[in-house]
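Peer 1: The sequence shown begins at 0 in numbering that gives the first Met the number 0 and counts up one residue at a time.
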Amino acid sequence: MARWLPRSTDLTRFCQKLNRVKTLEDDMMETSFNRCLSTIDLTLLGIGGMVGSGLYVLTGTVAKEIAGPAVIVSFIIAGFASLLAALCYAEFGARVPKTGSAYMFTYVSVGEIWAFLIGWNVLLEYMIGGAAVARAWSGYLDSIFNHKIKNFTETHVGAWQVPFLARYPDFLAAAILLVATAFISFGAKVSSWLNHVFSAISMGVILFILIMGFVLAQPKNWSAQEGGFAPYGLSGIMAGTATCFYAFVGFDVIAASSEEARNPQRAIPRAIAFSLGLATGAYILVSVVLTLMVPWHTLDPDSALADAFYRRGYAWAGFLVAAGSICAMNTVLLSNLFSLPRIVYAMAEDGLFFQVFSRVHPRTQVPVVGIVVFGLLMALLALVFDLEALVQFLSIGTLLAYTFVAASIIVLRFQQHKGDVPAPGASGRPNAEPHEGPSGGELKEYESFSDKLHLVDRDKSKEQREPGQLKAAFEPYLEFLSDFYPGEVVTVAVVTLMVSAICLCSILVFGNTHLHLPTWSYSLLLVLFSLGFLLSLLLIWAHEQQHSTQTFQIPLVPLSPALSIILNIYLMLKLSYMTWLRFAVWLLLGLLVYFGYGIWHSKENLREPRAQRVSARYVVFPGGSLEERVQAVQPSCQPAAGLPDTD
0 MARWLPRSTD LTRFCQKLNR VKTLEDDMME TSFNRCLSTI DLTLLGIGGM VGSGLYVLTG
60 TVAKEIAGPA VIVSFIIAGF ASLLAALCYA EFGARVPKTG SAYMFTYVSV GEIWAFLIGW
120 NVLLEYMIGG AAVARAWSGY LDSIFNHKIK NFTETHVGAW QVPFLARYPD FLAAAILLVA
180 TAFISFGAKV SSWLNHVFSA ISMGVILFIL IMGFVLAQPK NWSAQEGGFA PYGLSGIMAG
240 TATCFYAFVG FDVIAASSEE ARNPQRAIPR AIAFSLGLAT GAYILVSVVL TLMVPWHTLD
300 PDSALADAFY RRGYAWAGFL VAAGSICAMN TVLLSNLFSL PRIVYAMAED GLFFQVFSRV
360 HPRTQVPVVG IVVFGLLMAL LALVFDLEAL VQFLSIGTLL AYTFVAASII VLRFQQHKGD
420 VPAPGASGRP NAEPHEGPSG GELKEYESFS DKLHLVDRDK SKEQREPGQL KAAFEPYLEF
480 LSDFYPGEVV TVAVVTLMVS AICLCSILVF GNTHLHLPTW SYSLLLVLFS LGFLLSLLLI
540 WAHEQQHSTQ TFQIPLVPLS PALSIILNIY LMLKLSYMTW LRFAVWLLLG LLVYFGYGIW
600 HSKENLREPR AQRVSARYVV FPGGSLEERV QAVQPSCQPA AGLPDTD
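(1) When the Cα atoms are used, what is the spatial distance from Gly258 to Leu538?
(2) Classify Leu557 as buried or exposed, calling it buried when 16 or more other Cβ atoms lie within 10 Å of its own Cβ.
(3) Beta carbon of Phe582, beta carbon of Ile395: below 7 angstroms?
(4) Taking only three categories from DSSP, how would you classify Ala165?
(5) For Phe413 versus Pro466, is the C-beta distance shorter than 7 angstroms?
(6) Which residue marks the beginning of the alpha helix (DSSP H) containing Arg265, and which one marks its end?
(7) Would you identify the three-state DSSP class for Leu36, choosing helix, strand or coil?
(8) Quick check on this structure: which residue in Gly249, Val493, Val248, Val196 has the alpha carbon closest to the alpha carbon of Asn409?
(9) Given that a residue counts as buried once 16 or more other Cβ atoms are within 10 Å of its Cβ, and exposed if not, what is Val455?
(10) So Leu562 and Ala241 are supposed to be a Cβ contact under 8 angstroms. How far apart are they, rounded?
(11) Using three-state DSSP, classify His513 as helix, strand or coil.
(12) Per the DSSP calculation, Ala260 is bridged to which residue(s)?
(13) For a test of the three-state rule: what should DSSP assign to Leu298, helix, strand or coil?
(14) Looking only at DSSP bridge pairs, what is His542 linked to?
(15) Nearest-angstrom Cα distance between Asn604 and Arg19?
(16) Apart from the five residues on each side of it in sequence, which residues of its chain come closer than 7 angstroms, Cβ to Cβ, to Gly53?
(17) Go to Asn567, then tell me how far its alpha helix (DSSP H) extends in each direction, as first and last residue.
(18) Three-state secondary structure (DSSP) at Phe356?
(19) Using the Cβ count rule (16 or more neighbours within 10 Å means buried), how would you classify Phe318?
(20) Out of Leu523, Ala472, Val61, Val156, which one is the CA nearest neighbour of Phe244?
(21) Taking only the alpha-carbon atoms, compute the straight-line gap between Val320 and Glu64 and give it to the nearest angstrom.
(22) Please report the distance separating the alpha-carbon of Gly47 from that of Val252.
(23) By the three-class DSSP mapping on this structure, what secondary structure does Phe594 have?
(24) Quick check on Phe384: does DSSP put it in helix, strand or coil?
(25) Under 7 angstroms between the Cβ atoms of Gly369 and Tyr344?
(26) Does Val20 come out as helix, strand or coil in the three-state DSSP assignment?
(27) Roughly how far, in whole angstroms, is the beta-carbon of Asn335 from the beta-carbon of Gly128, given that I think they are within contact range, below 8 angstroms?
(28) Give a yes or no on whether the C-beta atoms belonging to Phe104 and Val404 are separated by under 7 angstroms.
(29) Just verifying my parser: in three-state terms, what is the DSSP assignment at Trp315?
(30) Given that a residue counts as buried once 16 or more other Cβ atoms are within 10 Å of its Cβ, and exposed if not, what is Tyr401?
(31) With Leu123 as the anchor, note down where its alpha helix (DSSP H) starts and where it stops.
(32) Measure the C-alpha to C-alpha separation of Gly110 and Ser100 and round it to an integer number of angstroms.
(33) Between the C-alpha atoms of Leu523 and Ser505, what's the straight-line distance to the nearest angstrom?
(34) Spatial neighbours of Ala187 within its chain, please: CB distance less than 7 angstroms, with the 5 preceding and 5 following residues excluded, ordered by chain position.
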């Protein structure tokens, strides 16, 4: 029976395959794409991804049903929370200017299987998101014409009463997706130009809404007679924050476009900052004018802005609002169709997904196969499927990607620069083996004498500490951590931090409701897991990190990414159990694809180190000073005679 069990070496090798990281090229600016996008192009792409139908629908829904006029505070908090995630994307986008967004960032720092699962979830997120926006676009246009399109389709095509399928086929939604797919396939410059047009119209309409809104504003709508500024209290504000947070998820289109940016080191951080700032400002100001124009409790959640102007006697303004809403939804469609094929391309280029999607058209310099295939799949989803039950799935994929990108920032920031140390062995340490010396002390065996000289030099200059090493100030108190390879303790601490965050958020979300914990155990568990989170954070902070002035770096590491991690986990646990069930099913499908195809075709297989014949080894006997006695010994596989072979 025991012979059928896998050996420990096989398990170790298998785990190493799952967690291998991507090897980046020396010249990361080299690409088969066309680097043609400026900071303005990227900024407008980000704005188009964030300021969509949510500005025209979400503001009214949250104001009436969740937070009241305090939706303004909800957007401010949500904007700050999104900023934590956006800054992580900005650092990675500047440092690793390759397409793939969260998938690529996870692959270069955490490991292969985690990167694949992130990419797999982002893939579905973009498909459902694009199809859902297309159906919203179709429904909004149909409502302008008194639902004549819907009535015509149900009369001449028929209505369905099938689970998971839409009530009627939405040909208009499928058509707009096919048209958008055609434009996207013409190249990044054409896509950017089209996005400029729709973004300009959308921003012009928003400017009109703000000017007219402030002219028609009535401060009494925030008075106590109308319920006050925060009628639902702090709980309503925080519930509104959780909903408003998803209004900002479109900024990752900028990171996905980094391989087509002219100067990604500067353009990516600036574009993310500008687009997020403008989007946050737009959401806050529109919420202000909306709740000042009419009492918040009388808003129409489906068309709050158009209805507000209609009730103030400006019915014609509703047509402008409708035009702005359609243009805004067009930019979101373009954003989804622009990002999705590039993430699929990155996965296929690395060998983790089907190779056909890595083909780039020689003239347009875009992954045209991915654009066409996934554009058709998105159109099919919009045509026949009921997407309302799947829309919540978007949240969990986005939040999971944010969590892994934040964790990747911490891991990568405390790793050594490429080429700082000799190539590590399979275990991640230099090729050294301990033995017992003649005097009973420990001697260390190295593959080459230069390895030892490097380590001796490092011991001599302890003041020049490398990233991942313990800070000199903490060495007297945490001396036992100095023996670990640089970055190992930080990696373990990041895992501990995430486990503590999951446990802490689980107690906060389920402790009083589902688990029914008594007060003493609820408080005790909160204290224990909070201490675990804080101690992990302090342990990470006690190590040296990389400091670069060449590219953008997020401030206050590891605090900023840690706050993003705990916030994202909290919001994920607030989602319904059906969302988690669908998420688990999709993950299982992804694992089948990975173990059936990705793990065998991964390009990192070609880069795995092969065993090399060792011609000589050196044994260093411990001495009383840094000048230690060195004796050459023969490898066990060679005869113990003569001098060591130096070929």
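All residues carry an ideal CB built from backbone N, CA and C; glycine is no exception.
It should be emphasised that the depicted structure is a prediction, and the values quoted were computed from it without experimental measurement.
Peer 2: The answer reads as follows:
(1) Residue 258 sits at position 259 when you count from the first residue of the sequence shown. Residue 538 sits at position 539 when you count from the first residue of the sequence shown. Note on residue identity: the sequence assigns Glu, not Gly, to residue 258. In a straight line, the C-alpha of Glu258 is about 35 angstroms away from that of Leu538.
(2) In the sequence shown, counting from the first residue as 1, residue 557 sits at position 558. Reading off the sequence shown, one finds Pro at residue 557, where the question assumed Leu. Classification for Pro557: buried.
(3) Numbered from its first residue, the sequence shown carries residue 582 at position 583. Numbered from its first residue, the sequence shown carries residue 395 at position 396. A contact, by the Cβ cut-off of 7 angstroms.
(4) On the sequence shown, residue 165 is found 166 positions in, with the first residue counted as 1. Residue state, collapsed to three classes: coil.
(5) As a first step, residue 413 is located in the sequence shown; it is residue number 414 there, counting from the start. As a first step, residue 466 is located in the sequence shown; it is residue number 467 there, counting from the start. In this structure, Pro466 lies closer than 7 angstroms to Phe413 by Cβ.
(6) Counted from its first residue, the sequence shown places residue 265 at position 266. That run of the alpha helix (DSSP H) goes 263–292.
(7) Along the sequence shown, one-based indexing puts residue 36 at 37. Reduced to three states, the DSSP call for Leu36 is strand.
(8) Within the sequence shown, numbered from 1, the residue matching residue 409 stands at position 410. Just to set this straight, residue 409 is Ile in the shown sequence, not Asn. Among Gly249, Val493, Val248, Val196, the Cα nearest to that of Ile409 belongs to Val493.
(9) Your numbering for residue 455 matches position 456 in the sequence shown. Because the pLDDT at Val455 is just 44, under 50, the model does not fix this residue reliably, and the value given afterwards should be weighed accordingly. Answer is exposed; the Cβ neighbour count stays below 16.
(10) Against the sequence shown, residue 562 aligns to sequence position 563. Against the sequence shown, residue 241 aligns to sequence position 242. Their Cβ separation, rounded to whole angstroms, is 16 angstroms, which puts Leu562 and Ala241 out of contact at 8 angstroms.
(11) By one-based count along the sequence shown, residue 513 stands at place 514. Looking at His513 - three-state DSSP - the assignment turns out to be coil, as it is neither helix nor strand.
(12) Looking up residue 260 in the sequence shown gives position 261. Paired residues: Leu36.
(13) For this step, residue 298 is matched to residue 299 along the sequence shown. Residue state, collapsed to three classes: coil.
(14) Taking the sequence shown and counting its residues from 1, one reaches residue 542 at position 543. For His542, which the question treats as bridged, DSSP gives the partners Leu469.
(15) Counted from its first residue, the sequence shown places residue 604 at position 605. Counted from its first residue, the sequence shown places residue 19 at position 20. Pairing Asn604 with Arg19, the inter-Cα distance amounts to about 9 angstroms.
(16) Within the sequence shown, numbered from 1, the residue matching residue 53 stands at position 54. Correct list, in chain order: Ala246.
(17) Counting from 1 along the sequence shown, the entry for residue 567 is found at position 568. From DSSP, the alpha helix (DSSP H) with Asn567 extends over 558–572.
(18) As a first step, residue 356 must be located in the sequence shown, where it is residue number 357. In this structure, Phe356 counts as helix in the three-state DSSP scheme.
(19) Counted from its first residue, the sequence shown places residue 318 at position 319. It is exposed - the Cβ of Phe318 has fewer than 16 other Cβ atoms within 10 Å.
(20) To locate residue 244, count along the sequence shown from 1; it is residue 245. The residue with the shortest Cα to Cα distance from Phe244 is Val61.
(21) Along the sequence shown, one-based indexing puts residue 320 at 321. Along the sequence shown, one-based indexing puts residue 64 at 65. Straight across, the Cα-Cα distance linking Val320 with Glu64 is about 22 angstroms.
(22) Your numbering for residue 47 matches position 48 in the sequence shown. Your numbering for residue 252 matches position 253 in the sequence shown. Spanning the two alpha carbons is a distance of roughly 9 angstroms.
(23) For the purposes of this step, residue 594 is taken as the residue at position 595 of the sequence shown. Note: Phe594 maps to helix in three-state DSSP.
(24) For the purposes of this step, residue 384 is identified with residue 385 of the sequence shown, where counting begins at 1. Strand.
(25) If you number the sequence shown from 1, residue 369 lands on position 370. If you number the sequence shown from 1, residue 344 lands on position 345. Their beta carbons are under 7 angstroms apart, which means Gly369 touches Tyr344 by this criterion.
(26) Counted from its first residue, the sequence shown places residue 20 at position 21. DSSP places Val20 in coil when its eight states are reduced to three.
(27) As a position in the sequence shown, residue 335 is number 336, starting the count at 1. As a position in the sequence shown, residue 128 is number 129, starting the count at 1. Sure, about 5 angstroms apart at Cβ, within 8 angstroms.
(28) Position 105 of the sequence shown, counted from the start, is the residue given in the question as residue 104. Position 405 of the sequence shown, counted from the start, is the residue given in the question as residue 404. Result yes, Cβ atoms of Phe104 and Val404 sit closer than 7 angstroms.
(29) To locate residue 315, count along the sequence shown from 1; it is residue 316. Here Trp315 sits in coil by DSSP.
(30) Counting from one through the sequence shown, the residue named residue 401 turns up at place 402. Buried: at least 16 other Cβ atoms inside 10 Å.
(31) Reading the sequence shown from its first residue, position 124 is the one you call residue 123. First-last of the alpha helix (DSSP H) with Leu123: 111–143.
(32) Your numbering for residue 110 matches position 111 in the sequence shown. Your numbering for residue 100 matches position 101 in the sequence shown. Looking at the two C-alpha atoms, the distance is approximately 15 angstroms.
(33) Here residue 523 is taken as the residue at index 524 of the sequence shown, counted from 1. Here residue 505 is taken as the residue at index 506 of the sequence shown, counted from 1. Each residue's Cα considered, the two are about 14 angstroms apart.
(34) Taking the first residue of the sequence shown as position 1, residue 187 is located at position 188. Beyond the five residues adjoining it in sequence on each side, Ala187 comes within less than 7 angstroms, by CB distance, of Asn33, Cys35, Leu36, Glu259, Val365 in the same chain, given in chain order.
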